[in-house]
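Okay, so here's the structure we're looking at.
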Amino acid sequence: LLSKFFGQGVVVDPLPPEFTEANLARWSSEFNLKPVFLPEEEIGPDRRLKGWIKPEEWFYNQIREGKLAPDSTHLIHGWYLADFTPGVDYTDGTQVFPDDPLAPVISQLRKKGKIGKHDNTPIGSRFAITHEEWQTVVLPAIANHHGFKPEQVRLERAIESNAIGNLYDPNRGRFNLWEWFQDVFELSYRLRGGDCERGGLARVSRIRPGHCGSDVAGRPLVSFVK
């Protein structure tokens, strides 16, 4: 699969020791977390990748202007667990991911008053959570719940979400929702993307990290990069 896009020279590392048959089965069945490998490749504006939906030109322009980190187009070589829970179309803020494995964790955090929501947000919904709440509350709770180290669990970077959608998960970019990305934009902003009505897998835009949007969700990414 990787050779199809990047040629025969792609080096794939051996599976991490944590990727036992039992662990992989449990992570997949209970949490919709499945293994993905990302090669050390740059998805730059001039890179020709047949059949690949690249980020829109706005994304590359922001890197040229210094508003995004210079390495924002670079994939970090290694194994990850990605969240394969299907998205959902936005309705009126009451939408939830189907059979969302994050719902129990998010419900408990909301019951304890650690994260907010809108009046019509279901208690277990991963929508209406700010970027700051994902970073400081939700992701550490997910790590603790699943038995991962806190530093292993973060949001996907825009280029990682793009690669996972092109390589592994055909559901990415097919719903009219936004998803938070890890990337910092001009210090006071973060990136989001994925809305199918505005470009889907190619779509990237900026937003303030304190935004509590009923149309913005997030996905944990578990890193096993050494």
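If you're matching positions, the sequence shown starts at 1225 in my numbering and goes up one per residue. Just so it is clear, CB atoms sit at the ideal spot from N, CA and C, and this is done for glycine as well. All of these numbers come straight from a predicted model, not from anything done at the bench.
- For the pair Gly1423 and Pro1259, the Cα-to-Cα distance works out to about 26 angstroms.
- Selection Gln1376, Gly1290, Ala1327, Gln1406 evaluated against Thr1345 yields Ala1327 as nearest (Cα-Cα).
- Residue pairing by DSSP places Gly1302 opposite Leu1262 in a beta bridge.
- Going by beta carbons, Glu1384 and Leu1445 fall inside the 8 angstroms limit.
- Inside the segment 1313–1387, DSSP marks whole beta strand (DSSP E) runs of 3 or more residues at positions 1377–1379, from first to last along the chain.
- Between Ile1287 and Ala1426, the gap from beta carbon to beta carbon reaches 8 angstroms or more.
- Distance between Glu1356 and Pro1263, taken at the CA atoms: about 29 angstroms.
- In the DSSP assignment, Gly1417 forms a beta bridge with Glu1403, Val1428.
- Following the DSSP letters along the chain, one finds Leu1248 inside the alpha helix (DSSP H) bounded by residues 1245–1255.
- In the assembly as shown, Trp1404 is a buried residue. Its beta-carbon has 16 or more other beta-carbons within 10 Å.
- Contact check for Ala1382 and Gly1417: beta-carbon distance about 6 angstroms, within the 8 angstroms limit, so the pair qualifies.
- In this structure the segment 1229–1242 touches the segment 1293–1304; the number of beta carbon pairs closer than 8 angstroms is three or more.
- Classified as exposed, Gln1232 has fewer than 16 neighbouring CB atoms from the shown chains inside 10 Å of its CB.
- In the DSSP assignment, the residues bridged to Ala1441 are Glu1403.
- The secondary-structure analysis by DSSP pairs Asp1307 across a beta bridge with Leu1257.
- The distance from the Cβ of Glu1380 to that of Lys1291 is about 19 angstroms, inconsistent with a contact at the 8 angstroms cut-off.
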